[in-house]
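Residue 7 is where the sequence shown starts when you use our numbering, and the numbers rise one by one after that.
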Amino acid sequence: MESGFTSTYVELDFKNEYNERLKRAFTNPVEIVSVKGLQDVRPALRRIQEAVKQGYFAVGYVSYEAAPAFDRSYKVNDAAVMPLLWFGIYEGYTIVETEGAGDDFRISSWKHTQSEDTYHASISGIHEAIARGETYQVNYTTRLRAQFQGDEYALYKELCAAQQGDYNAFLRIDGHSVLSASPELFFSKKGNQILTRPMKGTVGRGFWLEDDKRQGEWLKASAKNQAENVMITDLLRNDLGMIAKTGTVSVPNLFDIEKYYTLYQMTSTITAEIEEDTDIEAIFSALFPCGSITGAPKVSTMGIIAELEDTPREVYCGAIGIVEPDGSSLFSVAIRTVRIDHASNVAEYGVGGGITWDSTAENEYAEVLTKALLLTERSPDFRLLESLKLEDGQYFLLEEHLRRIADSAQYFDYSFSREQVVKKLQNLALRHPLGVHKVRLLVSRDGDIVTETSPLPDMTPCQHGKNSEAAARTVVLAKTPVSRNDRFLYHKTTHRQVYEKHKQEAASDVFDVLLWNEDGELTEFTTGNLVVEIDGELLTPALDCGLLAGTYRNYLLSTNVIKESVLKVSDLSRATQLWYINSVRKWIKVMIIVGGE
Numbered sequence: 007m008e009s010g011f012t013s014t015y016v017e018l019d020f021k022n023e024y025n026e027r028l029k030r031a032f033t034n035p036v037e038i039v040s041v042k043g044l045q046d047v048r049p050a051l052r053r054i055q056e057a058v059k060q061g062y063f064a065v066g067y068v069s070y071e072a073a074p075a076f077d078r079s080y081k082v083n084d085a086a087v088m089p090l091l092w093f094g095i096y097e098g099y100t101i102v103e104t105e106g107a108g109d110d111f112r113i114s115s116w117k118h119t120q121s122e123d124t125y126h127a128s129i130s131g132i133h134e135a136i137a138r139g140e141t142y143q144v145n146y147t148t149r150l151r152a153q154f155q156g157d158e159y160a161l162y163k164e165l166c167a168a169q170q171g172d173y174n175a176f177l178r179i180d181g182h183s184v185l186s187a188s189p190e191l192f193f194s195k196k197g198n199q200i201l202t203r204p205m206k207g208t209v210g211r212g213f214w215l216e217d218d219k220r221q222g223e224w225l226k227a228s229a230k231n232q233a234e235n236v237m238i239t240d241l242l243r244n245d246l247g248m249i250a251k252t253g254t255v256s257v258p259n260l261f262d263i264e265k266y267y268t269l270y271q272m273t274s275t276i277t278a279e280i281e282e283d284t285d286i287e288a289i290f291s292a293l294f295p296c297g298s299i300t301g302a303p304k305v306s307t308m309g310i311i312a313e314l315e316d317t318p319r320e321v322y323c324g325a326i327g328i329v330e331p332d333g334s335s336l337f338s339v340a341i342r343t344v345r346i347d348h349a350s351n352v353a354e355y356g357v358g359g360g361i362t363w364d365s366t367a368e369n370e371y372a373e374v375l376t377k378a379l380l381l382t383e384r385s386p387d388f389r390l391l392e393s394l395k396l397e398d399g400q401y402f403l404l405e406e407h408l409r410r411i412a413d414s415a416q417y418f419d420y421s422f423s424r425e426q427v428v429k430k431l432q433n434l435a436l437r438h439p440l441g442v443h444k445v446r447l448l449v450s451r452d453g454d455i456v457t458e459t460s461p462l463p464d465m466t467p468c469q470h471g472k473n474s475e476a477a478a479r480t481v482v483l484a485k486t487p488v489s490r491n492d493r494f495l496y497h498k499t500t501h502r503q504v505y506e507k508h509k510q511e512a513a514s515d516v517f518d519v520l521l522w523n524e525d526g527e528l529t530e531f532t533t534g535n536l537v538v539e540i541d542g543e544l545l546t547p548a549l550d551c552g553l554l555a556g557t558y559r560n561y562l563l564s565t566n567v568i569k570e571s572v573l574k575v576s577d578l579s580r581a582t583q584l585w586y587i588n589s590v591r592k593w594i595k596v597m598i599i600v601g602g603e
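This is how it looks when you write it as structure tokens:
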């Protein structure tokens with residue numbers, strides 16, 4: 007396995023001020039501006055400005071360790087390996103049209119470069135600095151590393167798919183590759199308008215829509231996160247004031263919440279008017295590095311960071327972007343960024359968060375883990391799915407099915423038209439006015455609707471209290487647990503690997519497999535929900551144990567036929583009866599084969 011790039015290559019996939027994505031590839035630079043000495047950073051920016059005035063595009067990065075070039079009081083780690091500044095000068099670009107990429111790479115498990123105890127000690131040190139009045143907030147970061155071999159562009163596309171950020175960048179330069187899937191804008195300059203949008207405040211996504219909304223609402227109302235955000239917003243307002251026309255700095259949006267695949271982020275927007283000929287050197291002198299990745303106040307806080315972080319940040323927490331011939335510029339804050347050293351085949355990922363007096367080491371470490379999910383949690387290609395029972399031209403629990411698929415569409419940001427889905431289902435029902443059928447409804451990310459119909463085999467349902475003598479179907483207990491943190495357990499989709507795995511591990515003659523989570527709590531079957539009778543009560547596992555809220559399960563809960571309960575695997579020995587339920591089969595009596603194969 008080898009990289010697809012043997013020479014310098016830069017690709018930007020940035021969203022512009024019109025909310026349009028600009029996917030541009032830059033090859034064959036007419037000049038490369040690359041410096042490793044602090045004294046050369048400002049002259050390099052001036053050279054970039056000259057090239058832009060001559061009609062060229064300048065694309066590249068400024069590393070975090072370049073900061074002292076703009077203010078000698080900024081302290082950084084002086085062991086940076088990559089250039090402090092690198093820009094390619096280009097006559098033009100090509101539009102990137104290919105969306106897909108292969109998976110021709112191998113990467114080992116990501117390992118933290120410091121122990122959790124060391125991380126906790128650093129947080130204690132920051133609290134002491136806050137108590138001494140040296141800082142209000144410190145953006146403390148740590149590193150994860152892994153061994154990497156293969157096509158780094160394929161990893162880049164996976165990172166972009168997982169983060170779904172607005173400022174993606176791929177750079178292969180000087181024996182290194184930079185893979186950035188940043189969601190954060192550093193600044194955008196167009197004419198005499200400049201805008202910056204610091205990102206500060208994080209919480210993980212919920213697992214189902216209601217849970218997810220609670221998470222977003224919690225972040226919006228969080229006093230701690232608001233305090234962190236407003237500190238950085240004030241810092242950026244002051245920074246912008248250094249180059250803005252008097253009285254033009256404003257904050258049109260405060261505490262906005264942005265949704266990403268694994269987390270929510272809080273942002274605020276600051277705008278200002280500047281002289282149209284304000285050059286890139288002046289902008290970086292005023293704003294760099296971005297306050298969201300330093301803390302406040304900037305000078306003393308960067309000194310604390312330099313003492314606590316034992317490795318350089320490099321491009322991570324720097325800025326990646328473009329300066330165009332018309333003088334406009336667009337730069338990201340280089341977070342959610344992997345750097346690969348091709349000589350050692352080591353990949354490095356920086357991750358961190360803002361530490362204030364109210365921060366706890368435990369919560370901040372959990373936030374680090376949440377932000378690092380980008381490295382391991384992928385957004386697979388899947389369709390939303392509903393299985394409906396069509397009997398004599400009528401759908402059973404149609405409204406419940408429509409509500410559930412609409413909720414999942416909102417959760418995953420899928421295009422969904424209830425009107426079109428209903429029309430499709432109605433037309434299908436007209437073609438099948440008699441008999442019992444199973445209908446599969448599938449909706450893709452862009453809203454394409456597909457229906458599939460099959461006759462439902464004769465299978466006498468066992469209604470509770472009726473047909474109690476019906477033979478029970480045999481089921482087995484899963485051999486290994488599912489993770490309650492797997493979001494796909496809470497949504498009905500075509501991404502069913504976890505279910506297929508457990509079904510394949512069971513003998514072919516068993517009816518289904520009963521799943522359980524890492525805490526020994528029962529969850530569901532691979533194609534239906536569980537109901538157990540214990541002490542005369544009909545109970546079903548609680549939703550947050552990690553399961554799909556089946557439409558028939560929801561109906562039975564709403565009519566008080568069954569109740570939610572946290573059920574342990576050990577509770578099976580207390581159950582007088584077990585049922586498999588879903589909206590197509592309704593009730594089916596089952597019995598567990600202990601140790602069944």
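Where is the CB? At the ideal position from N, CA and C, for every residue including glycine.
Cβ separation of residue i and residue j, assumed to be a contact under 8 Å, to the nearest whole Å
i	j	result
M272	G207	3 Å
S121	T343	Actually they are not in contact, since the Cβ atoms of S121 and T343 sit about 23 Å apart, beyond 8 Å.
R490	N535	So it is not a contact: roughly 16 Å between Cβ atoms.
A64	F93	5 Å
I200	E370	Not confirmed; about 32 Å, so no contact.
S69	L51	The pair is not a contact, with the Cβ atoms about 13 Å apart (cut-off 8 Å).
Y417	L225	In fact, because the Cβ distance is near 16 Å, the residues do not count as touching under 8 Å.
N174	I299	About 18 Å; that fails the 8 Å criterion.
F76	S291	5 Å
A353	R151	7 Å
V500	R389	In the sequence as displayed, the identity of residue 500 is Thr instead of Val. Yes, they are in contact, since the Cβ atoms of T500 and R389 sit about 5 Å apart, within 8 Å.
Short Cβ contact (8 Å threshold) for residue i with residue j
i	j	result
I276	N198	no
S335	I328	yes
A72	V39	no
S365	E140	no
S393	V590	yes
V575	L528	yes
V449	A415	yes
R345	V82	no
E539	L553	no
A168	L495	no
L462	V442	yes
R178	Y15	yes
V209	Y266	no
C296	V339	yes
A302	L241	yes
Reduced DSSP category for residue i - H, G, I as helix; E, B as strand; rest coil
i	result
G471	With a pLDDT of 41 at G471, under the threshold of 50, the modelled position of this residue cannot be trusted; read the value that follows with caution. Coil.
E140	coil
T457	strand
Q60	coil
P258	strand
S186	strand
V482	strand
E282	coil
F294	coil
I276	strand
G309	helix
G301	strand
L592	Just to set this straight, residue 592 is Lys in the shown sequence, not Leu. In this structure, K592 counts as strand in the three-state DSSP scheme.
Nearest to residue i (by Cα), restricted to the options the options
i	options	result
Y96	Q510, N34 and I113	N34
G356	K117, I598 and R178	K117
H348	K444, F422, H182 and L448	H182
E315	A581, I587 and T119	T119
S194	G222, F20 and L269	F20
P547	D541, S564 and L521	L521
E223	F261, R424 and Q143	F261
G358	A31, E56, H126 and I599	H126
F294	N259, T268, F337 and P258	F337
D217	L549, L241, I249 and R53	L549
E506	V456, T532, H497 and V516	T532
Residue i at chain C interface by Cβ criterion, 8 Å
i	result
H508	Absent from the structure: chain C. Only one protein chain is present.
### Unbroken stretches of the alpha helix (DSSP H), 4 residues or longer, contained in the stretch 311–384
367–382
### Query
Which runs of the alpha helix (DSSP H) fall wholly inside the stretch 114–174 and span at least 4 residues, in chain order?
122–137 and 158–169
### Query
What residue ranges within the stretch 188–216 form continuous beta strand (DSSP E) runs of no fewer than 3 residues, ordered along the chain?
191–196, 199–202 and 205–210
### Message
Which complete alpha helix (DSSP H) runs does the stretch 487–560 hold, if anything under 4 residues is left out?
### Response
Segments of the alpha helix (DSSP H) lying fully in the stretch 487–560: 503–511.
#### Entry: beta strand (DSSP E) runs contained entirely in the stretch 71–96, provided each spans 3 or more residues
91–96
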